[in-house]
Amino acid sequence: MIYLDHNATTPILPEALEAMMPYLTTEWGNPSSAYKFGAKLKAVVETARGQVAELIGAHPMDVIFTSCATESNNAAIAAALKANPTKRHIVTSQVEHSSVLNYCMALEKETGSTTPAQGATPPQLRRGAFKNSPPDSGGAGALATGVVTAGPYRVTYLPVDREGLLNLADLEAAITDETAVVSLMWANNETGVLFPVERIAEICRSRGVLYHCDAVQAAGKVEIDVRKIPADYLSLTGHKFHAPKGIGALYVRRKSPFSPLVYGGHQERNRRGGTESVPLIVGMGKAAQLARKHLPDYEKKVRPLRDELEEGILGSIPNTELNGHKTLRLANTTNITFHGIESEALLILLDKEGICASSGSACLADSAEPSHVIKAMKPDTGASRQMVRFSIDAATTREQINLAVTAVRRSAEVLTQVVSRS
Ligand code: PLP
236 MIYLDHNATT PILPEALEAM MPYLTTEWGN PSSAYKFGAK LKAVVETARG QVAELIGAHP
296 MDVIFTSCAT ESNNAAIAAA LKANPTKRHI VTSQVEHSSV LNYCMALEKE TGSTTPAQGA
356 TPPQLRRGAF KNSPPDSGGA GALATGVVTA GPYRVTYLPV DREGLLNLAD LEAAITDETA
416 VVSLMWANNE TGVLFPVERI AEICRSRGVL YHCDAVQAAG KVEIDVRKIP ADYLSLTGHK
476 FHAPKGIGAL YVRRKSPFSP LVYGGHQERN RRGGTESVPL IVGMGKAAQL ARKHLPDYEK
536 KVRPLRDELE EGILGSIPNT ELNGHKTLRL ANTTNITFHG IESEALLILL DKEGICASSG
596 SACLADSAEP SHVIKAMKPD TGASRQMVRF SIDAATTREQ INLAVTAVRR SAEVLTQVVS
656 RS
């Protein structure tokens, strides 16, 4: 098998698995327990938190473990909205991941209601949930006082140009006094196109609007430093940088408002209820530590191979076209339109050749819909149904790239002949 779909998910690093093993076997306690067998795991979780924080230049206290980036994205947007109950406008882009877009679309459908808690006295929770809210956090106060909503949310989905780039003047124009939060990703999962997050964060800050950044595809591929990028919220997920699936993180800037999406126990300093999955957290921590260590070499390793793959396909297969900016793009990703060939047919032939690639986000792979990202970039062409994304990794070899180029060429020739006969 030649795996060229690392933007969908990555294999667990042996070092991460090894670090996890004790917590899957002998050290299976609950970190919230009072006795040593469980309580000693608190330190283990904090070590991993430090490792994840270091990957993004954050203070460990500002990192919350979640179940995945979908949860982190939902939690960040929800927290920003709760902190600004009278502001009913969200700005995002047409090319965000479905975990942002579908949440925004669901919010647009909300009818709006006033829901102050009436009558019933809440039970007294042991160890006083909400008492330990971090300093300066909006805490869980929004829930305690009831959320007063006033009509549905309005969402602006910013367009991108044919190269997948955002026009910052559009962002400036979209922000109004009604805007509660801007959610714009760092790197696009389908094309790898990079948004100018530093400028976006500055614009949001100067306009007094909260900024959430989905940095899922950037982690381990480009330097992330929240000291340089003044985002209020930043989402990560472990399985894109060789940690297991089912573990994510949300960075929340110290003075930015936050209230939980998942209410429960007092875990994560009352910011995310639910017993911590120590093995997954440890796996994410170890993978984050290694991602940081290997970051200086990452581009040097993957860019030449990605370019060979890209040039091999574009140079030898007629009617192919790159989707996404030539340089403002992750070094591991190439997204190519094969004009006249349906993505799904090509992917099936490639699968038979042992090559794993995709036609967009893995989260939408089972839907018959064309790529919303390519559609936003090139609405006037059939490109959104005729594209394939290849995403490589530092472990990808030149031999694999050569075999892949040959297989893609062979498969494209077969399909071109079928199309010309029909
Ligand atoms: N955001 C982006 C840009 C992604 O690529 C993905 C996963 O494909 C997600 C969010 C969702 O991550 P998770 O699978 O951890 O929910």
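Numbering (my numbering), first residue to last: 236 to 657.
We put the beta carbon where it would ideally sit given N, CA and C, even for glycine.
Any non-hydrogen atom of the ligand PLP within 8 Å of residue i CB
{"i": "H574", "result": "no"}
{"i": "Q329", "result": "no"}
{"i": "K480", "result": "yes"}
{"i": "S418", "result": "no"}
{"i": "N337", "result": "no"}
{"i": "V451", "result": "yes"}
{"i": "S594", "result": "no"}
{"i": "N423", "result": "yes"}
{"i": "C591", "result": "no"}
{"i": "H560", "result": "no"}
{"i": "E604", "result": "no"}
{"i": "S334", "result": "yes"}
{"i": "A304", "result": "yes"}
{"i": "S512", "result": "no"}
{"i": "S470", "result": "yes"}
{"i": "Q308", "result": "Inspection of the sequence shows that residue 308 is occupied by Asn rather than by Gln. The answer is yes for N308."}
{"i": "N567", "result": "no"}
{"i": "G483", "result": "yes"}
{"i": "A526", "result": "no"}
{"i": "K475", "result": "yes"}
{"i": "A243", "result": "yes"}
Residue environment, residue i, which counts as buried when at least 16 other CB atoms sit within 10 Å
{"i": "A352", "result": "Note that A352 scores a pLDDT of 38, beneath 50, so its modelled location is shaky and nothing firm can be said."}
{"i": "V694", "result": "Coverage of the chain is limited to positions 236 through 657, which leaves residue 694 absent and any answer about it impossible."}
{"i": "S551", "result": "exposed"}
{"i": "R645", "result": "exposed"}
{"i": "Q502", "result": "buried"}
{"i": "Q652", "result": "exposed"}
{"i": "Q446", "result": "Here residue 446 is Tyr; the residue named in the question, Gln, does not match the sequence. It is buried - the Cβ of Y446 has at least 16 other Cβ atoms within 10 Å."}
{"i": "T327", "result": "buried"}
{"i": "G455", "result": "buried"}
{"i": "L248", "result": "buried"}
{"i": "T321", "result": "exposed"}
{"i": "C256", "result": "According to the sequence as given, residue 256 is Met; it is not Cys. Classification for M256: exposed."}
{"i": "D542", "result": "exposed"}
{"i": "N671", "result": "This structure leaves residue 671 out entirely; the chain is present only between 236 and 657."}
{"i": "S441", "result": "exposed"}
{"i": "P531", "result": "exposed"}
{"i": "T411", "result": "exposed"}
{"i": "S268", "result": "exposed"}
{"i": "E545", "result": "buried"}
{"i": "W421", "result": "buried"}
{"i": "Q452", "result": "buried"}
{"i": "R361", "result": "The pLDDT assigned to R361 is 46, lower than 50, so where the model puts this residue is not dependable; a value taken from the coordinates is nonetheless given after this. When all chains shown are included, R361 counts as exposed."}
{"i": "N402", "result": "exposed"}
{"i": "P357", "result": "For P357, the predicted model reports a pLDDT of 48, less than 50, meaning its position is unreliable and no value from the coordinates is stated."}
{"i": "G374", "result": "Residue placement at G374 is poorly supported in this model, since its pLDDT is 33, which falls under 50; the coordinates still yield a value, given next. G374 should be labelled buried."}
{"i": "G381", "result": "Unreliable placement is indicated for G381, whose pLDDT of 35 sits below 50; no coordinate value is reported for it."}
Residue i: CB within 8 Å of a non-hydrogen atom of the ligand NAP
{"i": "G399", "result": "Here the bound small molecules are the ligand PLP; the ligand NAP is not part of this structure."}
First and last residue of the uninterrupted alpha helix (DSSP H) at residue i
{"i": "L393", "result": "Taken as a continuous stretch (DSSP letters only), L393 belongs to no alpha helix (DSSP H), being part of the beta strand (DSSP E) at 389-393."}
{"i": "N637", "result": "633-656"}
{"i": "C439", "result": "432-441"}
{"i": "I548", "result": "513-551"}
{"i": "F272", "result": "271-274"}
{"i": "V497", "result": "Note, V497: premise wrong, no alpha helix (DSSP H); not H, not E."}
{"i": "S333", "result": "333-344"}
{"i": "I291", "result": "First-last for I291: undefined, no H or E at that position."}
{"i": "S578", "result": "578-587"}
Boundaries (first-last residue) of the beta strand (DSSP E) holding residue i
{"i": "H324", "result": "324-328"}
{"i": "D449", "result": "445-449"}
{"i": "M622", "result": "622-626"}
{"i": "L485", "result": "483-487"}
{"i": "T261", "result": "First-last for T261: undefined, no H or E at that position."}
{"i": "E306", "result": "Here E306 belongs to no beta strand (DSSP E); instead the alpha helix (DSSP H) covers 304-318."}
{"i": "V661", "result": "Because the chain here runs from 236 to 657, residue 661 falls outside it and cannot be looked at."}
{"i": "D571", "result": "According to the sequence as given, residue 571 is Ile; it is not Asp. Element bounds for I571: 568-573."}
{"i": "E398", "result": "Per DSSP, E398 belongs to no beta strand (DSSP E) and is neither H nor E."}
Cutoff 9 Å: residue i Cβ touching any chain B Cβ
{"i": "A315", "result": "Of the protein chains in this structure there is only one, and it is not chain B."}
Counting pairs of beta carbons, one from the stretch 604-621 and one from the stretch 528-543, are three or more of them closer than 8 Å?
Remark: fewer than three beta-carbon pairs, one from each stretch, lie closer than 8 Å, so the stretch 604-621 and the stretch 528-543 are not flagged as touching.
At least three beta-carbon pairs within less than 8 Å, the stretch 539-558 to the stretch 516-531
These segments do not touch.
Is the number of C-beta pairs between the stretch 457-477 and the stretch 284-297 that are closer than 8 Å three or more?
Inter-segment contact for the stretch 457-477 and the stretch 284-297 is present: three or more beta-carbon pairs are separated by less than 8 Å.
So, does the stretch 481-491 touch the stretch 555-562, judging by three or more C-beta pairs under 8 Å?
The stretch 481-491 vs the stretch 555-562: no contact.
Three Cβ pairs or more, each shorter than 8 Å: is that satisfied between the stretch 266-281 and the stretch 624-643?
Counting Cβ pairs under 8 Å, fewer than three are found: no touch.
Across the stretch 327-338 and the stretch 475-486, are there enough close Cβ pairs to call them in contact, namely three or more that are closer than 8 Å?
The stretch 327-338 is not in contact with the stretch 475-486.
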